[in-house]
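Residue numbers (the numbering used here), protein chains in the order written: chain A, 859 to 1010; chain B, 21 to 461.
Following this line, the structure appears as structure tokens:
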């Protein structure tokens, strides 16, 4: 699928394969840890932010489960809806980037995201979403999924 | 005289949406923005953060980065007011006499605060709250010692102002709302009652079902506000009045022109007005509302941006149709979280089915018509609001799984798999077309 944005590279995004997800939620744990101050699982969860926030969430209904994060859409409804300019689509990378400095926690993007992939960090009155782990070769959720239920 | 391929009047969501769209398909055509505000585009909703002292007027409030206009090769005419449009010669005549010619014009002039009919609006201490200058004026008045504030209007702007005042502290706030409940335009009576209870908890006095009959001068200084008189006869002492009763389309440029105006500027699905080559979007225009199946003014930021985007693509020679908008509001003031969209508060005669759940700090409601989701309201647990909105926008028949819509844990996983797969296959709808058709082709 070619990206319809002129001059834009096709963005990589994390895809779930629901037939392989076993609802272990390691992706959630490692995402929250990778985006914590300490980068250590126990500290991240026990000391930093109880119920730590993360950019990926496992959904389950009956026997079906999968982990969903931001799909960095070609038509970024969240960025189009963002009233503060905190969400923009990077014209170079195609990544829907989030600038927490600008976010005012109005939740308009949450109404706009067609996948429900943006969550609230109510404590900070800001949003949380997948940043595709810019400092890693492979997003941590993909790297740790034991079943290859998350792929790039 | 300056002449541009694209001229945009208005430097906020709609204007910027058009700039970004135009530059996706035309990197060279000359482009200018004119606005009577002397600032780069900024986040209007963030004026509440400014007033509460959470952020200054700088990078954190600007809508785009400092290089945005240069990078998009936009000539800026800021602090310049357009006096009139000359549609014959295709020129905007500025107040200083300068003329800006165009091949394609976009009117993204937004709204103006509604002025209710009451005496005393000219007194010192009477403020509005829709621009950064308004917020600065209120900030200055508070710094000079204003302690008692009457907020006229219990809608989103009134709540935005009240929220900033409460957060800032040190002031008594009385909110006066003409209707029998606050926020009637964005939530139902149950949710309004929750907000009113929260407001009272925060020490705000909420007076519903009453209006301010007049604003009265202070005994010590007849040029300043001293109190407001309610239509009940009660006099509420105050030293600052925030008039926040909503905005109306800013139509001054199109009055007495051939551009057809209803409540807002009439546009077609391409966001073009009745005068070829002249487009309009945002709070000043009547975009297509897919729930009401008619063109209406829907004064929300996302509608302005997307309308501007469609207009921009078409100004640059495209043929893009707006798939439409509908009312869509989130509410995050007073540590609450609410989201509503579409027909969330149907009348008793509406042929709809309403399902609600409540309890444990959560209130949720969906409204269905002919097996189609036409509205919803969520309080507390709002993170999956976007999935409901897409079901609405894409007119997905939901009868087979409507009971799941309000379940805990609702999300993409609750949808039938073929639907979920179609949604997730990169922007491609079931018929193979790009969903929404909003991407530049």
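Even for Gly, the Cβ is constructed at its ideal location relative to N, Cα and C.
Per DSSP, reduced to three states, the secondary structure at residue 904(A) is helical.
Residue 350(B) reaches chain A at 964, 965, 966, 968, 969, counting residues in chain order whose Cβ is nearer than 8 angstroms. Under a 10 Å Cβ-count criterion, residue 79(B) is classified as exposed, with fewer than 16 other Cβ atoms of the shown protein chains found around its own Cβ.
Using a Cβ-Cβ cut-off of 8 angstroms, residue 978(A) is close to 357, 402, 403 of chain B, given in chain order. Classified as exposed, residue 48(B) has fewer than 16 neighbouring CB atoms from the shown chains inside 10 Å of its CB. If you draw a straight line from the Cα of residue 324(B) to the Cα of residue 317(B), it is about 10 angstroms long.
Excluding its 5 nearest sequence neighbours in each direction, residue 43(B) has C-beta neighbours in its own chain below 7 angstroms: 92, listed in chain order.
Assigned with DSSP and collapsed to three states, residue 131(B) falls in strand. Judged by beta-carbon spacing, residue 120(B) lies within the 8 angstroms limit of residue 52(B), meaning their Cβ atoms are closer than that value. Under the Cβ distance rule, residue 361(B) counts among the residues neighbouring chain A, one pair being separated by less than 8 angstroms.
The beta carbon of residue 990(A) sits closer than 6 angstroms to the beta carbons of 953, 997 from its chain, once the five residues preceding and following it are set aside; these are given in chain order. In the structure shown, residue 323(B) adopts helical secondary structure according to DSSP, grouped into three states. With a contact defined as Cβ atoms closer than 8 angstroms, residue 130(B) and residue 270(B) qualify at about 6 angstroms. Contacts between residue 65(B) and chain A, judged by CB atoms closer than 9 angstroms, involve 941, 942, 962, 964, 966 in chain order. Within chain A, the residues placing a beta-carbon under 9 angstroms from that of residue 84(B) are 943, 946, ordered along the chain.
Annotation: residue 919(A) is outside any alpha helix (DSSP H); the continuous beta strand (DSSP E) that includes it extends over 914 to 919. For residue 30(B), the nearest beta carbon of chain A is not closer than 8 angstroms to its own beta carbon.
Between residue 959(A) and chain B, the shortest Cβ-Cβ separation is below 8 angstroms. Within the region 136 to 194 of chain B, the beta strand (DSSP E) runs of at least 3 residues that lie entirely inside it are, in chain order, 168 to 172. Proximity of residue 406(B) to chain A, defined by a Cβ-Cβ separation below 8 angstroms, is satisfied. In this structure, the alpha-carbon of residue 262(B) lies about 6 angstroms from that of residue 146(B). Less than 8 angstroms divides the Cβ of residue 293(B) from the Cβ of residue 279(B). Residues of the same chain with a CB within less than 8 angstroms of the CB of residue 220(B), apart from the 5 flanking positions on each side, are 226 in chain order.
Collapsing the DSSP output to three states places residue 91(B) in a helix.
Under the Cβ distance rule, residue 922(A) counts among the residues neighbouring chain B, one pair being separated by less than 8 angstroms.
Chain order gives the chain B residues near residue 973(A) as 406, 407, 410, 431, 432, 443, 444, where near means a beta carbon separation below 9 angstroms. As a beta-bridge residue in DSSP terms, residue 197(B) pairs with 228(B). Taking 8 angstroms as the cut-off, the beta carbon of residue 928(A) is found no closer than this to the beta carbon of residue 1002(A). Distances from the alpha-carbon of residue 879(A) to those of 920(A), 992(A), 948(A) put 920(A) closest. For residue 104(B), the enclosing beta strand (DSSP E) starts and ends at 102 to 106. Of the residues assessed, residue 406(B) falls on the buried side of the cut-off, its CB having 16 or more other CB atoms within 10 angstroms.
Counted as a single uninterrupted DSSP element, the alpha helix (DSSP H) harbouring residue 40(B) occupies residues 33 to 45. Selection 315(B), 403(B), 363(B), 161(B) evaluated against residue 984(A) yields 403(B) as nearest (Cα-Cα).
Our two residues, residue 945(A) and residue 364(B), have alpha carbons roughly 27 angstroms apart in a direct line. Using a Cβ-Cβ distance cut-off of 8 angstroms, the region 104 to 121 of chain B and the region 21 to 41 of chain B are in contact, since at least three pairs of beta carbons, one from each stretch, lie closer than that value. The C-beta of residue 994(A) comes no closer than 8 angstroms to any C-beta of chain B.
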